[in-house]
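A quick write-up on the structure given underneath.
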Amino acid sequence: MDLAQDVQLEMFRAMLLSRRLDERAWVLHRQGKIAFHISGIGHEAAQVGAVFAIRRGYDWVSPYYRDLAILLAVGMTPAEFVMGMMGKRGDPTSGGRQMPSHWSLKRANVISHSAPVATQSPHATGIGLAIKLRGDDRVVLTTVGEGATSQGEWYEAVNFAAVLQVPVVFVVQNNMYAISETPDMQMAIKSVAEKACGLGVPGISVDGTDVFAVYRACQEAVDRARQGGGPSLIEARTYRMTPHSSDDDDRTYRSREEVEEHKKSDPVLVAKRQLEERAILTEKAYAEMDAQIKAEVEEAVRQAEQAPYPEAEEALHPVYAEEIRLAEASHA
Amino acid sequence: MPEMTLIEAIRQGMDEELERDKDVFIIGEDVGKRGGVFRATMGLFEKYGPQRVIDSPLAELGIVGTGIGAALYGMRPICEIQFADFIYPAFNQIVNEAAKMCYRSNGDWTVPMTIRAPYGGGIGGGLYHSQSVEASFTHIPGLKVVVPSNPRDAKGLLKSAVRDPNPVLYFEPKKGYRLIKGEVPEGEYTVPIGPAQVSRPGKDLSVFAYGMMHYYTLQAAEKVAAEGIDAEVVDLRTLYPVDRETILASVRKTGKALIVHEDNLTGGYGAEVAATIAEWGFQDLDAPVRRLAAPDVPGVPFSHPMQDWFMPNPDKIAAAIRDLASF
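Order-wise, the sequence lines are chains C and R.
Residue numbers 1 to 332, in my numbering, belong to the letters of the first sequence in order.
Residue numbers 1 to 327, in my numbering, belong to the letters of the second sequence in order.
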């Protein structure tokens, strides 16, 4: 492993923070303190592996709704996340306009996305085109689930990127479920990576529960993109360990035994074992890290609960760019 | 002032914006070497190169979605949709993405993008090369919708669209590309997005139109003028946001209103103008508000007799003016 030990630990901590915050969101939902949660549990390795391969805060990200770990890794604070969950004014994605986990973080070059899947994929291609036209050396990381690769928007995005040879890394987090639908209901091929052949881009499928395997695959793709080698497609195979969202009941379409079986390859546990085997992490250090993270999460919840809601009239703006100052004035 | 055709004015507007701002680029089907199927971008590929005038794959969603991404990065894309009829594959990107970006990100992200599309019938284009699609977009907060009717406005509005910090749909009356000629000021100027314009002052009734129908309405107004009817013609120019003040001021003056468009009647843009007058100008009215529009059939038929039946024209508009004037 060519990654420095402190970077490996930082990656693990990013995964664990995302996990603990995500778990806390489910508790907040059960407590009736938030109305909705869409989870990234089981995706932490795919996300942290991908986002650590880019220059965070310099490169651009066009994410999808499960990307909590990516957002935290580029600098969204836990309190900001919880404010988004609660529809508080301090929600940095939308000031409480969007449903939770519909990301945007301008200061970290994370663009805003919507709910219909793969709509953000062409935006990644366009950002890549702009980077190329300006002669910048940035790359774009964009993510979707495997279900979104059924969308025409996703195909058009990858095809445009391939034809225009722009610096975009398309990461598909294949978690085996699009709500209730399994991959065989989405595609007549075994791996999303096979789609790369028909689009003329390098495609690779990696174990998405292994953060370092994802990192290596993404690093190669990011380097290629930055050097003018064009886009790549990376499938990170993982498992959605929770229902689709807090409004879903996954017992209607999959067995408890299946879910329990996949918990053995929980990406957080896989990474913990890897670091222990490499003598980078001890049980004691893990316990300390976990306690610190849990305290951080509780502090974030406390801050978010105390934060104000937007005033109803703030909903009037900003429809047009000319109104942005009006919106800011009403915040003041 | 030099006289030029509508399409020459549009081309000159793009040329000057490409020259002025290196962040401006054109992307669309056949816009490069071919210079566009209507020749709107003729010569621009040769002048600015393949980096600024980009032939895209044949996919409208991809054109608009790529444009949005580039705009988020700070570029000023001009996306060409070859025919307005083909804009619907990109509908989701326009309505759910471009239009909502500023609002949904609380102003963090904006989409300074122009989407050009030739619209309208009367050119033997059948159902899928003739549509007027404006009403599908004048319902969408976050968009601006512009339809020029003459070369001067076409150039000035195009330049304003490119410089606007929001997504602007710019619909070009393609039947008028070479038919409509007019003087265009020399040197730098813009026409602001927003205000409608009284293009022919009159006192007997107001006719509201835009694009090709505005051109026909001016002809109709001349016909009825010879019969002693003094029609005021208002070129709406910007359909969204709506210039309610200019509409209401004209009705206040004349007391009668006719709206003309070549989109079909029901739910068309005329309904919004009529509602505006009914809601805020009711006390000024001396007659019911009238609409002259295409019939409620799914599209413009190809065969000439049927196409002519579908399309409003100067004679039909003149008849509608006479009818309203006699109320």
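Where a beta carbon is used, it is the ideal one built from N, C-alpha and C, also for glycine.
DSSP three-state assignment for Asp-137/C, whether helix, strand or coil: Here residue 137/C corresponds to residue number 137 of the first sequence, with the count starting at 1. Here Asp-137/C carries a coil assignment [DSSP, helix/strand/coil].
From Phe-208/R, Pro-241/R and Leu-72/R, pick the residue whose C-alpha is nearest to that of Thr-254/R; which is it? Your numbering for residue 254/R matches position 254 in the second sequence. Cα-wise, what sits closest to Thr-254/R is Phe-208/R.
What are the residues that DSSP puts in a beta bridge with Gln-197/R? Here residue 197/R is taken as the residue at index 197 of the second sequence, counted from 1. Per DSSP, Asp-235/R.
Using a Cβ-Cβ cut-off of less than 8 Å, give me the residues of the stretch 109-133 of chain C that come near chain R, in sequence order. The stretch 109-133 of chain C vs chain R, Cβ under 8 Å: Ile-111, Ser-112, Ser-114, Pro-116, Thr-119, Ser-121, Pro-122, His-123, Ala-124, Thr-125, Gly-126, Ile-127, Gly-128, Leu-129, Ala-130, Ile-131 and Leu-133.
Taking all protein chains shown into account, decide if Phe-212/C is buried (16 or more other Cβ within 10 angstroms of its Cβ) or exposed. Your numbering for residue 212/C matches position 212 in the first sequence. Buried, since its Cβ has 16 or more Cβ neighbours within 10 Å.
Between which two residues does the alpha helix (DSSP H) containing Asn-309/R stretch? Here residue 309/R refers to the residue found at position 309 of the second sequence. First, the amino acid is wrong: residue 309/R is Trp here, not Asn. Going by DSSP, Trp-309/R is part of the alpha helix (DSSP H) stretching over 304-310.
With a 10 Å radius around its C-beta and 16 neighbouring C-beta atoms as the bar for buried, classify Val-7/C as buried or exposed. Here residue 7/C is taken as the residue at index 7 of the first sequence, counted from 1. Taking a 10 Å sphere around the C-beta of Val-7/C, we find fewer than 16 other C-beta atoms and assign the residue as exposed.
Using the beta-carbon of each residue, which ones in chain C are nearer than 7 Å to Thr-110/R? Counted from its first residue, the second sequence places residue 110/R at position 110. The contact set of Thr-110/R on chain C, defined by CB atoms closer than 7 Å, consists of Ala-321 in chain order.
Quick check on Asp-249/C: does DSSP put it in helix, strand or coil? The residue given as residue 249/C occupies position 249 in the first sequence. In this structure, Asp-249/C counts as coil in the three-state DSSP scheme.
Less than 7 Å between C-beta atoms, sequence neighbours within five positions excluded: which residues of the same chain meet that for Ala-124/C? Here the question's residue 124/C lines up with position 124 in the first sequence. Excluding positions up to five away in sequence, the list reads Ser-62, Val-140, Thr-142, Ala-157 and Val-168.
Partner residues on chain R for Val-163/C, Cβ-Cβ distance less than 7 Å: On the first sequence, position 163 is the one that residue 163/C refers to. Ordered by position in chain R, the residues that pass the 7 Å Cβ test against Val-163/C are Pro-57.
Express the C-alpha separation of Asn-174/C and Lys-190/C in angstroms, rounding to a whole number. One-based indexing of the first sequence puts residue 190/C at position 190. One-based indexing of the first sequence puts residue 174/C at position 174. Near 11 Å, if we compare the C-alpha coordinates of Asn-174/C and Lys-190/C.
Exposure label - Leu-158/R; buried when at least 16 CB within 10 Å: Indexing the second sequence from 1 puts residue 158/R at position 158. Counting Cβ neighbours within 10 Å, Leu-158/R comes out buried, since at least 16 surround it.
Give me the DSSP bridge partner(s) of Ser-62/C. Sequence index remark: in the first sequence, residue 62/C carries index 62 (1-based). In DSSP, Ser-62/C forms a bridge with Thr-142/C.
So, at 6 Å on beta carbons, what are the nonlocal neighbours of Ala-46/C in its own chain, with the 5 sequence-adjacent residues on each side left out? Here residue 46/C is taken as the residue at index 46 of the first sequence, counted from 1. If we look at Ala-46/C and ignore the five residues flanking it on each side, its Cβ neighbours are Gln-173, Gly-208, Val-214, Ala-236 and Thr-238.
Specify, as a first and last residue, the run of the alpha helix (DSSP H) that Phe-81/C falls within. Translated into the one-based positions of the first sequence, residue 81/C becomes position 81. If you look at Phe-81/C, you'll find it in the alpha helix (DSSP H) that goes 78-86.
Through-space distance from Trp-26/C to Leu-6/R, alpha-carbon basis: Walking along the second sequence from the start, residue 6/R turns up at place 6. Walking along the first sequence from the start, residue 26/C turns up at place 26. As the crow flies, the alpha-carbon of Leu-6/R is around 59 Å from that of Trp-26/C.
Ala-84/R and Gly-28/R - do their beta-carbons sit closer together than 9 Å? The residue given as residue 28/R occupies position 28 in the second sequence. The residue given as residue 84/R occupies position 84 in the second sequence. Their beta carbons are not under 9 Å apart, which means Gly-28/R does not touch Ala-84/R by this criterion.
Decide if Ser-255/C is buried, meaning its Cβ has at least 16 other Cβ atoms within 10 Å, or exposed. Position 255 of the first sequence, counted from the first residue, corresponds to residue 255/C. Classification for Ser-255/C: exposed.
Interface residues of chain C around Glu-97/R at Cβ under 7 Å? In the second sequence, the residue the question calls residue 97/R occupies position 97. Residues of chain C passing the Cβ test: Ser-114 and Thr-119.
Using a Cβ-Cβ cut-off of 9 Å, state whether Lys-106/C counts as contacting chain R. Taking the first residue of the first sequence as position 1, residue 106/C is located at position 106. At least one CB atom of chain R sits nearer than 9 Å to the CB of Lys-106/C.
Mind checking if Phe-81/C is an interface residue toward chain R, Cβ cutoff 9 Å exclusive? Here the question's residue 81/C lines up with position 81 in the first sequence. Phe-81/C does not count as touching chain R.
Decide if Cys-197/C is buried, meaning its Cβ has at least 16 other Cβ atoms within 10 Å, or exposed. To locate residue 197/C, count along the first sequence from 1; it is residue 197. So Cys-197/C ends up on the exposed side.
Alpha-carbon spacing of Arg-76/R relative to Ile-38/C, whole angstroms: On the second sequence, residue 76/R is found 76 positions in, with the first residue counted as 1. On the first sequence, residue 38/C is found 38 positions in, with the first residue counted as 1. Cα to Cα, Arg-76/R sits roughly 35 Å from Ile-38/C.
At a threshold of 8 Å, does Asp-284/R count as lining the ligand SAM (C-beta to nearest heavy atom)? The ligand SAM is not among the ligands present in this structure, which contains no ligands whatsoever.
Counting only C-beta atoms, is Pro-318/C closer than 9 Å to chain R at any point? Along the first sequence, one-based indexing puts residue 318/C at 318. Yes - at least one Cβ of chain R is within 9 Å of the one on Pro-318/C.
So, helix, strand or coil for Ser-205/C, using DSSP? Residue 205/C sits at position 205 when you count from the first residue of the first sequence. Secondary structure of Ser-205/C (DSSP, three-state): strand.
Supposed close pair Leu-44/R, Val-53/R - CB separation, criterion 8 Å: As a working note, residue 44/R is residue 44 in the second sequence. As a working note, residue 53/R is residue 53 in the second sequence. Contact between Leu-44/R and Val-53/R holds: CB atoms are separated by about 5 Å, below the 8 Å threshold.
Chain-ordered neighbours of Asn-174/C on chain R, where CB pairs are closer than 9 Å: Residue mapping note: residue 174/C aligns to position 174 of the first sequence, counting from 1. For Asn-174/C, no chain R residue has a Cβ inside 9 Å of its Cβ, as the nearest lies near 23 Å away.
With 9 Å set as the bound, which would you pick, yes or no: does the beta-carbon of Arg-97/C sit closer than that to a beta-carbon of chain R? The count along the first sequence starts at 1 and reaches residue 97/C at position 97. For Arg-97/C, the nearest beta carbon of chain R is closer than 9 Å to its own beta carbon.
Beta-carbon proximity of Pro-167/R to Met-101/R, cut-off 9 Å: By 1-based counting over the second sequence, the position of residue 167/R is 167. By 1-based counting over the second sequence, the position of residue 101/R is 101. Contact check for Pro-167/R against Met-101/R passes: the beta carbons are separated by less than 9 Å.
Check the DSSP bridge columns for Ala-117/R and list the partner residues they point to. Here residue 117/R refers to the residue found at position 117 when the second sequence is read from its first residue. Paired residue(s): Phe-171/R.
Between Pro-301/R, Ile-81/R and Ser-250/R, which lies nearest to Asn-264/R when the distance is taken from Cα to Cα? Taking the second sequence and counting its residues from 1, the one referred to as residue 264/R is at position 264. It is Pro-301/R whose Cα lies nearest to the Cα of Asn-264/R.
Which two residues bound the contiguous alpha helix (DSSP H) that contains Gln-173/C? Taking the first sequence and counting its residues from 1, the one referred to as residue 173/C is at position 173. Element bounds for Gln-173/C: not the alpha helix (DSSP H) but the beta strand (DSSP E), 168-174.
Within chain R, partners of Glu-156/C - CB distance below 8 Å: Position 156 of the first sequence, counted from the start, is the residue given in the question as residue 156/C. Neighbours of Glu-156/C on chain R, chain order: Pro-57, Ala-59, Leu-61, Gly-62 and Gly-65.
Apply the 10 Å Cβ neighbour rule to Asp-315/R and answer buried if 16 or more other Cβ atoms are within range, or exposed otherwise. Counting from one through the second sequence, the residue named residue 315/R turns up at place 315. By the 10 Å Cβ count, Asp-315/R comes out exposed.
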